[in-house]
Each structure stands twice: as C-alpha cells, then as structure tokens.
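Residue numbering for the sequence shown follows UniProt numbering, starting at 1 and increasing by one per position.
Think of the CB as a built atom: it goes at the ideal place given N, C-alpha and C, for glycine as much as any other residue.
Small disclaimer: the values here were computed from a predicted structure and weren't measured.
Reading through the structure tokens given below for one structure.
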Amino acid sequence: MNVAFVIDTSPSMQQRTSQGASYLDCAKAAVEHAVKIRQRSGYDSSGDKYHLIVTDYEFSIRSTWEHEFLHFSKSLSNICRSTYSITLNQAIAIAFKQINMFRHATSTDTYGYGRNPNKMEPGAIIVITDNQCEKANANDWKLKESSEYSTDVWRYDQRIFVIHMQTENYQAKNTQKIQDLAESTGGSYFECFSFKHALNIIEKIVNYLNNSVFTSSLEGDDRPSIPLILIVERKTRSSFWPIPEEFTHFAHGLQPRKSNPILRYKQNQVYSNFKIPQDFPYDYYEIIRTKKFEESLAFYYPTRPAFLPIYMQGHIQPFAMLALEEGGGAKLLVLCYNFIELWECLEFYRNPLAAKSDKSRYYEEKLANYLLELPVYYHYLLPKAIRKMKLFLPGALKLPNQIGLSPEVNQKLKNLKEQETSLKNEVDQIANMLAEQHISGRAVCCQLYKHHLYCDIFKIPRENVKAAISTMATQFFGDAEKHDVPISKMGDFHTVLSNLPKHRNAYLEPESHKMIPINFGNPFKALSTGDNEKDSDDPNISIPSHTPEKSPQPKVQMIYLPVKRPRGFKAQLDQYKFLKRSGKLLLQAIAYLRQRGPSSDEKLITLLRSTISKVYKKKSTNTINAYTQDKVIFLDAISTHAKEYKKTHLIAYIEGLKTSLLSANQQ
1 MNVAFVIDTS PSMQQRTSQG ASYLDCAKAA VEHAVKIRQR SGYDSSGDKY HLIVTDYEFS
61 IRSTWEHEFL HFSKSLSNIC RSTYSITLNQ AIAIAFKQIN MFRHATSTDT YGYGRNPNKM
121 EPGAIIVITD NQCEKANAND WKLKESSEYS TDVWRYDQRI FVIHMQTENY QAKNTQKIQD
181 LAESTGGSYF ECFSFKHALN IIEKIVNYLN NSVFTSSLEG DDRPSIPLIL IVERKTRSSF
241 WPIPEEFTHF AHGLQPRKSN PILRYKQNQV YSNFKIPQDF PYDYYEIIRT KKFEESLAFY
301 YPTRPAFLPI YMQGHIQPFA MLALEEGGGA KLLVLCYNFI ELWECLEFYR NPLAAKSDKS
361 RYYEEKLANY LLELPVYYHY LLPKAIRKMK LFLPGALKLP NQIGLSPEVN QKLKNLKEQE
421 TSLKNEVDQI ANMLAEQHIS GRAVCCQLYK HHLYCDIFKI PRENVKAAIS TMATQFFGDA
481 EKHDVPISKM GDFHTVLSNL PKHRNAYLEP ESHKMIPINF GNPFKALSTG DNEKDSDDPN
541 ISIPSHTPEK SPQPKVQMIY LPVKRPRGFK AQLDQYKFLK RSGKLLLQAI AYLRQRGPSS
601 DEKLITLLRS TISKVYKKKS TNTINAYTQD KVIFLDAIST HAKEYKKTHL IAYIEGLKTS
661 LLSANQQ
C-alpha cells in the first residue's frame, strides 16, 4: 500500500493548542504514531511505501520511492516551518503524482479493458493542515504529467483523509466541499483540537487502511449519487470478471473515464429471489454500510432479501446484482455483461441432445447476437467460464472480430509502460545506493550538522546563538554521544535485522564454500549424535572425522504364519466391484433426471428395473446381502437427486422398488 502524508508547513501551523503543542508538532507526532501502529499491526505491512510531502517551496518532496524507512523518519523529525511555501493544492497534486507514477508498469491501470480489482494497488493520502483545507480544489490537483485517459487525478482504489487542525472555539465555514470529496473517495474528514485528539484520529485512519477497498458511485432514478465502499478480501483476492468500462465498443476511440465507476439501478426492478447457475463463476464484494447508504437503500427496501440489477452508466444491460441481505448487510455480485440472456442460452446447451432439437437454430442466432454486443475484454473470459461449467457448444461459440483499441492508442500505452518500467528500474538502483549510504553513515541526513565556530562571542548572529551553544556543549559531552541512539533508529527494526551478519556454520571450515540451502528434510542429518555432543568452538578438542563402528546386530529370521481371513471377505471385494460398477449407473441416472419430459422418466425407470433385477449368484449368502444393501444405497442416492431436481412423482416409485427389494431378500 502507498501512503502519502501531506503536511502543511505554513507559518499558520505554528499556532498552539490548549495543551501547548503547536499544530506542526501534532502533525509530526500523528504521522510517527501512524507508521508505528501500521508496523505493529497483524496485517501485511511489509510492502508499504511511505511518501512525505510538505508545502515547502524548495524541498516539497522529503521522502518517496527511492528512500527507505530510516530516511523517512529522519526527514519527518527535521520538518520545520517554511518561509516560502506552496499552496496545499500543489502539495496534494505532487502526492498524487508520486503515488500514480508506476501504475502503467505494474498493469494496474488497464485502460480500455475495465477495472480489475485483482490487480489494484491501494493507496491513501493523509492531509494534515489548518484552514488551508477550505481552499482545496480538486481541479488544481491534476498536473500536465497526469494520465490523459482519466478525468480525475485519483483512482478508484485510492482514498483521501483530511485532518483539520483548529481551535476549540473556531467553526469552519467552507469545508463542505472537501468533506464531500473525501467521502466520494472512501475517506473521511476530521476536525482536530488537541494533541491527544490527533493521535486518536490517526488510529482510526490506520484501522480504515487495514482493509483493501475500492470505491464507486451508485445512482438511482431521481436520486442523488452515493459513494460505495467495497471490500476486497486479501486471502481470496482472485476476481474473475472485471468492472466494465462506460462504453461497450471502441467506435469513438478510447474515451477518458472517471476515477470512480458510476453504477446505476432502477427502483422498479427488484427481485426477491436470485439464483446463479451451477459452476458459473462470479465475484462478490462486501459493501461497507455508511449513513448515506442506509438512508438511500435500506429505508426504501425494508423487505429482505432484495436483489437489484446494476447497470454501468451508458449500458443498456446489467452486469452485476446488488444483494441486500436479511441481516442488514449488502454485497455486490459482479457477473458477465448481460448475464440474463447468456444464462438462457447456457441452460439450453446443458441438455446433451440440444444440438438435435428444433430450437437449436434459434439459440445459435441468439448467442451470436449476444456475442456481437459483448465488449472485447470479455472474449477471453467467456470461453474460460464455459469450460469451467463443463459445457460444449458445437459450432455456436464463434467470437466476432470487433473493433478494439486503435494502433495509435495501443502504441501510446505500450510506450508509457516501457518508460515507467525503465524508470522503476532506475529508481530501484538509486534506492539500493541510498540504502548503502544510510548503512555506512555517508548520507547527508545521517551526518551531524556542522555549525560555524566563532572566536569572538560578540560576533555570533542572533539566529545562530542556539546552534553555537549546542556545538560548544558537544565539546564537553562528546564521548557520551557515542552511546546515544537516535529515536529514529530505535523503531527501525527492519533495516537493523536485515544488516545483521549471518552466523558461521560450526561444522564447516571458515574458508569453505557456501552450502546450498535445504528446503526440506533435516539439514543436520549427515551429522552423527556423537559430534553434536562436543563443543566445536573449543580449540583444544578436535572432532574426529570418522564415525565409530557400530556393533553388528544379530540377524532375526522372520516366520510368516498363515492368517485366516474373516468371513465375508469375498463379499467386501465383490461389494467394491459393485460400487465401482454402479458409479456409471448413477451418473447415467442423474443425466436422465436433468432432462425434462416423459421420455427421460421412462428411460430412468427402465434403468432402475434392469439394475434391481440383476441377480449375482454366489455361494455365500453374505454376498447377496451385501449386494442388496448396495442396491438400497443406490436407490436412496437417486431419490435425493430426484428431490433436488423437483421430480416428486418418481420418489414414490423408487420407494416401492426399495420395499420390494427388501422383502425379496428376507424371503
């Protein structure tokens, strides 16, 4: 996750709270507290990248991709009030530019092919400022270097959090705009009054960051749009269907899309029951219940469960279903485009004899017309879904050659990806060089700030008096500083552990080659127990190279006694053969149950009669009893499947066969 902290360093941040701390000190403490909580949390925070942006005119970017955590902590502690500062809108624009730098290289932004939550890269921007947030304008955030294929600067997987530092008696006036903007991206707006309040707010924000989410807008008929926050589970992060684009075909080229997908629903189209066909792939995302969501949907649809078809803005056919559950929860079920018409065709082809029926020509034409309306980026996923359902469409599934992206747009996107890939490689090299400088202490931020020494104390300028006194103090207490550890290094566990020297293997010579790591088994299996008992580091004790001879063990002659098999052993073997044989019969019977019509029922009845009437002549009566019991189990399995397929008229007939079979066995 990419987390960018934007701190306002204007002179107005030197105001003090009721506890005596300035706004800038509260902001620095809040950022440090957020990073510590994030590292201590049980979530996977090893891949987090922290960016530090300030409103300084000369050095606005303090920490970004090429810097490690130690540089981030040092830069945070060195933040001070800036004399010449830039606006807050410019600082937020720089933060978005840093976060969106490598989205083409990692294939996160797939323009023209929908939004894939499986490849999303979550990000968050935390803005800490005072009254500057009242002047925030999203139109000033987009720079010239931003992508031309998106209307806004943020993406659907990025959130904005704003912490407004103010006094207790002050009432903000023009903050409604920044509040709506933060809520539309899935973030929040907070008003902070004290130092402790800032720490409590930052803890809430870190808890929000623990879930991987993406946002969208939901609109209804004659109703305002509300933001939707959908959770993507990290363990099962494998989405099958993408969230489609706002256009189905590329007749007018690649149009710029909005940052958050706009979903629409119709108030009249509400279903009380909805069932997905068997083995059809679908994706579900849990919706976080917000106040606006409860007011717009939960109040108007009190009867649960309720299912609403979801349309993309500009589409005629739905692509998802909004499920309002009985417990009050809500989920978004993402399916294929125009799934209702697709399921009708697939249900027809479930019948093995569908190709020979009279309606085959009608459904072939219907499926061909459906494929003409299907967007291009579904052409790879739809055959994959049909193979997953184990359906074979003979000659019906022929994907048409539709117009895709133009060669100019493809070449432009390809060049952008190549440029970002090469830039990312250079940034990684610079990051490794900076890490080596931090480890060796040759970096600028790791060195002590050298103040000018004055011979005459009366020539010291007023602004350098404090620095001169601290320099003179180091001359008296210089030895004590060797044993002091800065606060920034105390919490840097990752860098310290990665730089620790590896221990030498006690059982090998120091100049020997490195052993290949063993990924399985016991790596010390070759060593004997006698060697492990001695101290290998003691120079006075030499470990013998040969192993002691083991005393020969007496040979034992094995005697095999004949074991009498229990009664009915032959019956168990025959029962296994019968079950192996009845597996094919069970599959054939289920195939008849799936079909509709009297002919399939007659075929099933003849199959059951022939199976039950078979007599296996064996000498032992236990064998016949075993076969009878297997036939009863076979009939029970078919009766359960008949209940599932809603063929109740066959259950009574199957029960009659079972009773006749048991009565014949007792005689």
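Use the C-beta contact count for CYS336: other C-beta atoms within 10 angstroms, 16 or more gives buried, fewer gives exposed.
So CYS336 ends up on the buried side.
CA-CA distance, VAL206 and ILE231?
Their Cα atoms are separated by approximately 16 Å.
Beta-carbon proximity list for LYS643, same chain, < 8 Å, skipping 5 on both sides:
Excluding residues up to 5 positions away in sequence, ILE651 lie with their Cβ nearer than 8 Å to the Cβ of LYS643 in the same chain.
With a cut-off of 8 Å on the beta carbons, I'd call PHE240 and ASP283 a contact; round off their distance for me.
Indeed, because the Cβ distance is near 6 Å, the residues count as touching under 8 Å.
Are LEU324 and TYR265 close, meaning C-beta to C-beta below 8 Å?
No; because the gap between Cβ atoms is not below 8 Å, this pair is not in contact.
What are the boundary residues of the alpha helix (DSSP H) that ASN369 is part of?
It spans 360-373 - the alpha helix (DSSP H) in which ASN369 sits, taken as one unbroken run.
Distance, Cα to Cα, SER296 vs ASN499?
One Cα belongs to SER296, the other to ASN499, and the distance between them is close to 55 Å.
I think VAL334 touches ILE243, with their Cβ atoms under 8 Å apart; what is that distance to the nearest whole Å?
Rounded, the Cβ-Cβ distance is 7 Å, consistent with contact.
Candidates ILE229, ASP130, SER613 and LEU381: which alpha carbon is nearest TYR113's?
By alpha-carbon distance to TYR113, the top candidate from ILE229, ASP130, SER613 and LEU381 is LEU381.
Mind checking VAL376: buried by the 16 CB within 10 Å criterion, or exposed?
Flag for VAL376 reads buried.
Just to confirm before moving on: does the CB-CB distance between ASN260 and SER184 stay below 8 Å?
The Cβ atoms of ASN260 and SER184 sit closer than 8 Å to each other.
Can you tell me which of the three DSSP states LYS173 falls into?
Secondary structure at LYS173: coil, using DSSP grouped into helix, strand and coil.
How long is the line joining the alpha carbons of ILE469 and ILE79, rounded to whole angstroms?
Distance from the CA atom of ILE469 to the CA atom of ILE79, rounded to whole angstroms, is 21 Å.
From MET472 to THR290, what does the alpha carbon distance come to, in whole angstroms?
If I take the Cα positions, the gap works out to 59 Å.
In chain order, what residues of the same chain lie with their CB nearer than 6 Å to the CB of HIS33, ignoring the 5 residues before and after it?
Close CB contacts of HIS33 within its chain, under the 6 Å cut and outside five residues either way in sequence, are with LEU199 and ILE202 (chain order).
Cα-Cα separation, ASN116 to LYS196
When rounded, the distance between both Cα atoms is 40 Å.
Cα-Cα separation between ASN464 and SER18, rounded to whole angstroms
Distance between the alpha carbons of ASN464 and SER18 is about 30 Å.
Distance check for GLU326 and VAL127, CA to CA, integer angstroms please.
A straight line joining the alpha-carbon of VAL127 with that of GLU326 spans about 38 Å.
Residue range of the alpha helix (DSSP H) that TYR23 falls in?
Unbroken alpha helix (DSSP H) run through TYR23: 23-40.
Compute the distance between the beta-carbons of TYR57 and ILE37, then report whether it is under 8 Å.
No, Cβ-Cβ distance for TYR57 and ILE37 is not below 8 Å.
Identify the residues that DSSP records as bridge partners of CYS455: which are they?
Answer by DSSP bridge pairing: none, since CYS455 is not bridged.
Can you tell me the Cβ-Cβ gap for SER272 and PRO305, rounded? I've got them flagged as a contact below 8 Å.
Right, the Cβ-Cβ distance comes to about 7 Å (below 8 Å), so this counts as a contact.
Distance, Cα to Cα, GLU426 vs PHE274?
Between GLU426 and PHE274, the C-alpha separation is close to 52 Å.
When DSSP labels each residue in this structure, what does LYS658 get in the three-state scheme?
Note: LYS658 maps to helix in three-state DSSP.
If you draw a straight line from the alpha carbon of LYS49 to that of GLU286, how long is it in whole angstroms?
The alpha-carbon of LYS49 is positioned some 26 Å away from that of GLU286.
Label ARG159 either buried or exposed according to how many other C-beta atoms from any shown protein chain fall within 10 Å of its C-beta, with 16 as the threshold for buried.
Around the beta-carbon of ARG159, 16 or more other beta-carbon atoms lie within 10 Å, marking it buried.
Is ALA27 closer than 8 Å to ILE7 when the C-beta atoms are compared?
Contact flag set, yes.
Proximity below 8 Å, CB of LEU585 to CB of LEU607:
Here LEU585 is near LEU607, since their CB atoms are less than 8 Å apart.
Is GLY123 helix, strand or coil by DSSP?
Three-state result, GLY123: strand.
Just reading off the beta strand (DSSP E) that LEU209 is part of, what are its end residues?
Premise fails: LEU209 lies in the alpha helix (DSSP H), 195-209, not in any beta strand (DSSP E).
State yes or no: is the C-beta of ASP157 within less than 8 Å of the C-beta of GLY187?
The Cβ-Cβ distance between ASP157 and GLY187 does not fall below 8 Å.
What ranges does the alpha helix (DSSP H) occupy inside the stretch 68-129, keeping only unbroken runs of at least 4 residues that lie completely in it?
Within the stretch 68-129, the runs of alpha helix (DSSP H) that reach at least 4 residues and sit entirely inside it are, in chain order, 69-77 and 88-99.
Cβ-based neighbour list, ILE654, same chain, cut-off 8 Å, excluding 5 preceding and 5 following:
The residues are LEU608, LEU635, ILE638, SER639 and ALA642.
Tell me, which residues are paired with PHE243 by DSSP?
Sequence check: residue 243 is Ile here, not Phe. In the DSSP output, where bridge partners are listed per residue, ILE243 has ARG115.
Along the chain, where does the beta strand (DSSP E) containing LYS388 start, and where does it finish?
LYS388 -> not in any beta strand (DSSP E); alpha helix (DSSP H) instead, spanning 381-388.
Relative to the C-alpha of TRP141, which candidate in LYS412, VAL153 and HIS71 has its C-alpha closest?
In terms of CA proximity to TRP141, VAL153 leads the group LYS412, VAL153 and HIS71.
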